[in-house]
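There are 2 protein chains.
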Amino acid sequence: QSGDPEAGKDKIAACAACHGTDGMGTAPIYPNLAGQSATYLESAMKAYRDGKRGGGMSAIMAPQAQGLSDEDIADMSAYYASLEP
Amino acid sequence: QSGDPEAGKDKIAACAACHGTDGMGTAPIYPNLAGQSATYLESAMKAYRDGKRGGGMSAIMAPQAQGLSDEDIADMSAYYASLEP
Chain A
455 QSGDPEAGKD KIAACAACHG TDGMGTAPIY PNLAGQSATY LESAMKAYRD GKRGGGMSAI
515 MAPQAQGLSD EDIADMSAYY ASLEP
Chain B
455 QSGDPEAGKD KIAACAACHG TDGMGTAPIY PNLAGQSATY LESAMKAYRD GKRGGGMSAI
515 MAPQAQGLSD EDIADMSAYY ASLEP
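Chains as they are written, first to last, in the numbering used here: chain A, 455 to 539; chain B, 455 to 539.
Right, dumping it as structure tokens:
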């Protein structure tokens with residue numbers, strides 16, 4: 455995990471609408487991210503970005519992930535992983 | 455959420471190898487499930503079962519989900535959702 459949680463904090467404006475700034479989903483269909491493994495979060499975001507993860511909320515998540523660099527994803531993942539669930 | 459966490463407890467033997475009986479991933483690539491939204495967990499499992507969710511650990515998860523009924527998935531999801539993260 456090479457992400458910077460401080461940098462990630464400034465990159466999660468779009469995420470927060472559904473996943474909260476505190477990493478708690480704002481509705482039951484949105485997973486909680488607080489305290490989740492950063493490694494897993496990176497893997498999930500890359501699967502969305504690369505068009506591999508369908509089903510669920512992928513129609514929303516794939517476009518969200520499209521413009522993100524590996525570093526963006528690492529930082530955002532580190533931020534949510536750093537939060538207390 | 456119609457799942458029965460008590461019934462789910464008896465159905466998660468296969469899950470626990472990677473996600474723990476306590477819902478904490480046994481390695482960083484495995485997401486924590488404890489306290490996760492049951493609605494989200496059901497959605498994720500159905501996406502694996504229906505072959506829509508690729509990438510990440512889908513090569514392991516898709517076959518795992520294949521034999522599960524909607525009720526199995528609801529029960530297992532309710533179990534992990536009921537745990538303290």
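Beta carbons are placed, not taken as given, at the ideal position from N, Cα and C, and that holds for glycine.
Residue i - containing alpha helix (DSSP H), residue span
i	result
ALA498(B)	492-503
MET530(B)	524-535
Short CB-CB distance (under 8 Å) between residue i and chain B
i	result
ASP529(A)	no
THR493(A)	yes
ASP504(A)	yes
SER497(A)	yes
Residue environment, residue i, which counts as buried when at least 16 other CB atoms sit within 10 Å
i	result
GLN520(B)	exposed
GLU538(A)	exposed
ASP504(A)	exposed
SER491(B)	buried
ALA471(B)	exposed
PRO485(A)	buried
ASP529(A)	buried
THR480(A)	exposed
Residue i and residue j closer than 8 Å at C-beta
i	j	result
SER497(B)	GLY510(A)	yes
ALA535(A)	GLY489(A)	yes
GLY508(A)	LYS500(B)	no
TYR533(A)	ILE466(A)	yes
Beta carbon proximity, residue i to chain A, threshold 8 Å
i	result
GLY509(B)	yes
LYS500(B)	yes
ILE483(B)	yes
PRO539(B)	yes
SER456(B)	no
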